[in-house]
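Asks: Shown below is the structure under consideration.
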Amino acid sequence: MKVAMLGPIAWRTPPLHYGPWELVTSLITEGLVERGIDVTLFATLDSITKAGLDGVAPSGYEENPDLDGRVWEALHVGHALARSGEFDIVHNHLDWLPLAFSQHCAAPMVTTIHGFSGPNILPAYRRGRSAYVSISDSDRSADLDYLGTVHHGIDMNGLPVHLEPREDLILFGRIHPDKGTDLAIDIAARAGRRLVMCGIVQDRAYFEELIEPRIDGDRVVYLGSVGPEDRGAILGSGLALLHPIRFAEPFGLSVVESMACGTPVIAYRKGSMPEVVDEGVTGCLVANADEAVEAVERVRDLDRAACARRARNRFSRDRMVDNYLSIYRKIVR
Numbered sequence: 001m002k003v004a005m006l007g008p009i010a011w012r013t014p015p016l017h018y019g020p021w022e023l024v025t026s027l028i029t030e031g032l033v034e035r036g037i038d039v040t041l042f043a044t045l046d047s048i049t050k051a052g053l054d055g056v057a058p059s060g061y062e063e064n065p066d067l068d069g070r071v072w073e074a075l076h077v078g079h080a081l082a083r084s085g086e087f088d089i090v091h092n093h094l095d096w097l098p099l100a101f102s103q104h105c106a107a108p109m110v111t112t113i114h115g116f117s118g119p120n121i122l123p124a125y126r127r128g129r130s131a132y133v134s135i136s137d138s139d140r141s142a143d144l145d146y147l148g149t150v151h152h153g154i155d156m157n158g159l160p161v162h163l164e165p166r167e168d169l170i171l172f173g174r175i176h177p178d179k180g181t182d183l184a185i186d187i188a189a190r191a192g193r194r195l196v197m198c199g200i201v202q203d204r205a206y207f208e209e210l211i212e213p214r215i216d217g218d219r220v221v222y223l224g225s226v227g228p229e230d231r232g233a234i235l236g237s238g239l240a241l242l243h244p245i246r247f248a249e250p251f252g253l254s255v256v257e258s259m260a261c262g263t264p265v266i267a268y269r270k271g272s273m274p275e276v277v278d279e280g281v282t283g284c285l286v287a288n289a290d291e292a293v294e295a296v297e298r299v300r301d302l303d304r305a306a307c308a309r310r311a312r313n314r315f316s317r318d319r320m321v322d323n324y325l326s327i328y329r330k331i332v333r
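UniProt numbering numbers the first residue of the sequence shown as 1 and each following residue consecutively.
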């Protein structure tokens with residue numbers, strides 16, 4: 001089987017720090033190569049992979065102000081689809097744009113829907129000549145048919161298990177109202193815990209008005225965007241990961257990474273969280289800040305070793321790759 005992996009180009013694959021779509025694309029690609037599958041990764045030209053690498057963008061457009069993302073994504077898709085006849089399947093991780101040109105794809109296309117930015121992009125999905133895979137059952141549109149749901153897997157090698165936590169609460173994710181950064185600061189303060197925050201600033205006005213004034217380097221610590229070499233140590237050091245989201249999150253990689261380190265999660269019961277968090281084993285699902293504050297003491301009683309075992313069993317990279325191979329075989333016979 002020859003697979004074209006059509007990756008996003010906002011960031012390098014795998015990303016140096018932030019870039020969840022690029023990270024998942026990389027994990028699938030490398031897992032397929034290890035199984036002897038012939039894969040060509042279409043990504044930024046500075047990407048790192050054991051597969052064949054092809055592309056047109058020299059680097060991620062979020063990392064290079066000279067690159068217009070709209071232009072380079074179009075060039076990227078056009079280049080990949082021009083080669084599509086060389087492959088048995090094209091696996092799209094680039095959202096709706098390849099779907100708009102899917103009739104020009106000479107091989108069957110499967111699209112992993114990493115999340116809908118809004119209902120206005122649905123026409124591209126309805127018209128797209130592609131099979132669809134959701135990353136959680138909660139993140140499905142009634143307008144589409146799906147071949148299956150494949151929960152993301154993670155690389156366990158950089159996520160050592162920590163059985164002796166400190167007292168800190170951890171927040172991992174982009175600084176944005178959707179992620180509830182301000183709520184996490186409030187919850188930590190009410191619980192009498194230090195909060196350690198990591199992530200890119202995605203909403204600058206929100207950060208400057210509501211978040212930055214509360215960062216004091218003592219009770220609220222901001223470490224910026226953290227790369228893979230530090231993620232495991234930070235996530236594993238916490239008493240719990242706070243995830244007070246305001247939106248229906250399609251998946252949540254940091255949630256799974258935290259649980260794999262043995263650090264349970266306190267998450268708002270929205271989106272995929274009831275699918276991802278096993279109540280009383282890998283964390284606590286709550287409805288509001290009051291319940292989150294109360295849960296800070298409850299998570300201390302959870303077995304961190306059992307938390308890590310459950311997460312590592314459910315969300316391994318190998319399981320994800322196996323599931324995608326099963327999807328491919330439904331398409332390529």
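Ideal Cβ positions, reconstructed from N, Cα and C, are used throughout, including at glycine.
1) How would you write the range of the alpha helix (DSSP H) that K330 sits in, first residue to last?
2) To which residues does DSSP link G283 through a beta bridge?
3) Taking all protein chains shown into account, decide if K330 is buried (16 or more other Cβ within 10 angstroms of its Cβ) or exposed.
4) Which of helix, strand or coil does DSSP assign to L67?
5) Throw me the rounded Cβ distance for the V293 and R190 pair, which I believe falls under 8 angstroms.
6) Please report the residue range of the alpha helix (DSSP H) in which C105 lies.
7) Can you tell me whether H176 is buried or exposed? The criterion is at least 16 other CB atoms within 10 Å of its CB, across all chains shown.
8) To which residues of the same chain is S254 closer than 6 angstroms at the C-beta, ignoring the five residues directly before and after it?
9) Suppose you measure from the CA of T13 to the CA of V39; what does that come to, to the nearest Å?
10) Per the DSSP calculation, D38 is bridged to which residue(s)?
11) What residue does the alpha helix (DSSP H) around S237 start on, and which one ends it?
12) Alpha carbon to alpha carbon, what distance is there between S117 and D66?
13) With a CB to CB cut of under 7 angstroms and the five nearest residues on each side skipped, what residues in its chain are close to A124?
14) Kindly confirm or deny that the stretch 227 to 240 and the stretch 187 to 205 touch, where touching means at least three C-beta pairs closer than 8 angstroms.
15) Taking the beta strand (DSSP E) that Y222 belongs to, which residues open and close that run?
16) In this structure, how does DSSP classify H243 when only helix, strand and coil are distinguished?
17) State the start and end residues of the unbroken beta strand (DSSP E) segment that holds M197.
18) Kindly confirm or deny that the stretch 143 to 161 and the stretch 307 to 316 touch, where touching means at least three C-beta pairs closer than 8 angstroms.
19) Using C-beta distances below 8 angstroms, list every residue in its chain close to Y18, excluding the 5 sequence neighbours before and after it, in chain order.
Replies: Per the coordinate set shown:
1) For K330, the uninterrupted alpha helix (DSSP H) run begins and ends at R317 to I331, by DSSP.
2) G283 is bridged to V265 and E279.
3) With fewer than 16 other CB atoms across the displayed protein chains lying within 10 angstroms of its CB, K330 is exposed.
4) Here L67 sits in coil by DSSP.
5) Confirmed, Cβ separation roughly 5 angstroms.
6) No alpha helix (DSSP H) contains C105, which DSSP labels as neither H nor E.
7) Here H176 is buried. Its C-beta has 16 or more other C-beta atoms within 10 Å.
8) The beta carbon of S254 is closer than 6 angstroms to those of F172 and G173 in its chain, skipping five residues each way along the sequence.
9) Cα to Cα, T13 sits roughly 14 angstroms from V39.
10) When DSSP reads this structure, D38 sits in a beta bridge with K2.
11) P228 to S237 is the span of the alpha helix (DSSP H), which, as asked, contains S237.
12) Going by the C-alpha atoms only, they are around 25 angstroms apart.
13) Listed in chain order, the non-local C-beta contacts of A124 below 7 angstroms within the same chain comprise W96, L99 and A100, local neighbours out to five positions each way being set aside.
14) They touch, by the three-pair rule.
15) Note, Y222: beta strand (DSSP E), V220 to Y222.
16) H243 falls in the strand class under three-state DSSP.
17) That run of the beta strand (DSSP E) goes L195 to C198.
18) Remark: three or more beta-carbon pairs, one from each stretch, lie closer than 8 angstroms, so the stretch 143 to 161 and the stretch 307 to 316 are flagged as touching.
19) Correct list, in chain order: W11, R174, G199, I200 and S225.
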